[in-house]
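Beneath this line is the structure, given in structure tokens, with notes to follow.
Below you can see the structure in the form of structure tokens.
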């Protein structure tokens, strides 16, 4: 039991460090972009598309980071943006369904299954869930 | 640019994130090690029994499924590879498991992280699990060749 707790602490610490190496720099970068006004342009660019899922245009940055990088990067982005509970719930659902598409794609490819349909399925589910939650919430 | 505001926000926000993620990650990962040590994973895997029946999957699929929920998709995939090598899963069953796992894995950790920054956990977890079950059901019903499933159904009918 003591061994298990020790193992858990060790694993948590190394996981924690590697996550923080992603979350904090991404968060600082996004906050910087927010202060310099770059996020504002981004917001306008993606606003029409993101309206479908009930999110501000700037949230597209969190979605893209989550899809291409991972959930932790997306967490850093979300922390840097000013989003409400409703927006975070929608984003959390969309990102839960589809994230780390490149890395998880490589993992799932090891079990010799068809990759492209699975990745497309995840993105479609993610977008559909966003549209449905936008209507329901 | 408002540098003072920027540094103030970055400092406070970073401390906030350091705390938020620590509060979730440490109890969760330590808890998982204890559950694993006590051998409770096998018991939890019976949670998947009704779901496996919907997907017409053998009992051997439950361990990779539960491991992927608890430890993430990398470990889940490792177990799946072993199941296939041991001939416990056929290639069509493998694809069914993969469809479910791509949509639904590490749900506890992912959900808690978004709850920590203000999301609604029930909605996030619920929609993910429901969609995963629905999609995998549709997949196992319409895309998996039915011949093998019929045989399994016959076996089930005989035994009961």
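Protein chains in written order, with this note's numbering: chain A, 1171 to 1307; chain B, 9 to 168. Every residue, glycine too, gets a C-beta built ideally from N, C-alpha and C. All of these numbers come straight from a predicted model, not from anything done at the bench.
- Using a 10 angstroms sphere on the CB of residue 1206 of chain A, the tally of other CB atoms stays under 16, which defines it as exposed.
- In this structure, A:1195 is the residue among A:1240, A:1195, A:1180 with its C-alpha nearest to the C-alpha of residue 23 of chain B.
- Look at the segment 45 to 72 of chain B and you find these whole runs of alpha helix (DSSP H), each 4 residues long or longer: 49 to 52, 57 to 63.
- When Cβ-Cβ separations below 9 Å define contact, residue 101 of chain B makes no contact with chain A.
- With 16 or more other Cβ atoms inside 10 Å of its own Cβ, residue 1283 of chain A counts as buried.
- Annotation: the continuous alpha helix (DSSP H) that includes residue 106 of chain B extends over 99 to 111.
- Taking a C-beta cut-off of 8 Å against chain A, the contacting residues of the segment 63 to 96 of chain B are 81, 82, 85, 88, 89, 92, listed in chain order.
- Straight through space, the alpha carbons of residue 1189 of chain A and residue 34 of chain B are spaced by roughly 12 Å.
- If you draw a 10 Å sphere on the C-beta of residue 93 of chain B, you find fewer than 16 other C-beta atoms in it, and that means exposed.
- Less than 9 Å separates the beta-carbon of residue 125 of chain B from that of residue 1245 of chain A.
- With a cut-off of 8 Å on Cβ pairs, the segment 121 to 140 of chain B is in contact with the segment 1249 to 1261 of chain A, counting three or more such pairs.
- For the segment 1180 to 1267 of chain A, the full-length alpha helix (DSSP H) segments reaching 4 residues or more read 1208 to 1221, 1229 to 1238, 1241 to 1250, 1255 to 1267 along the chain.
- At the C-beta level, residue 13 of chain B and residue 1250 of chain A stay beyond 9 Å of one another.
- At the C-beta level, residue 143 of chain B and residue 1277 of chain A stay beyond 9 Å of one another.
- For the C-beta of residue 127 of chain B, the chain A residues within less than 7 Å are, from N- to C-terminus, 1255, 1258, 1259, 1262.
- Here residue 128 of chain B carries a coil assignment [DSSP, helix/strand/coil].
- Straight-line measurement puts the Cα of residue 27 of chain B at about 22 Å from the Cα of residue 1239 of chain A.
- Taking the beta carbon of residue 141 of chain B as reference, no residue of chain A falls within 8 Å; the closest one sits roughly 12 Å away.
- Between the alpha carbons of residue 1272 of chain A and residue 37 of chain B lies a distance of about 25 Å.
- In the three-state scheme derived from DSSP, where H, G and I count as helix and E and B as strand, residue 149 of chain B is classed as helix.
- Under the 8 Å Cβ criterion, the segment 96 to 110 of chain B does not count as touching the segment 1229 to 1237 of chain A, having fewer than three qualifying pairs.
- Per DSSP, residue 1279 of chain A is one residue of the alpha helix (DSSP H) stretching across 1271 to 1279.
- Residue burial is scored here from C-beta neighbours: residue 1173 of chain A has fewer than 16 other C-beta atoms within 10 angstroms and is therefore classed as exposed.
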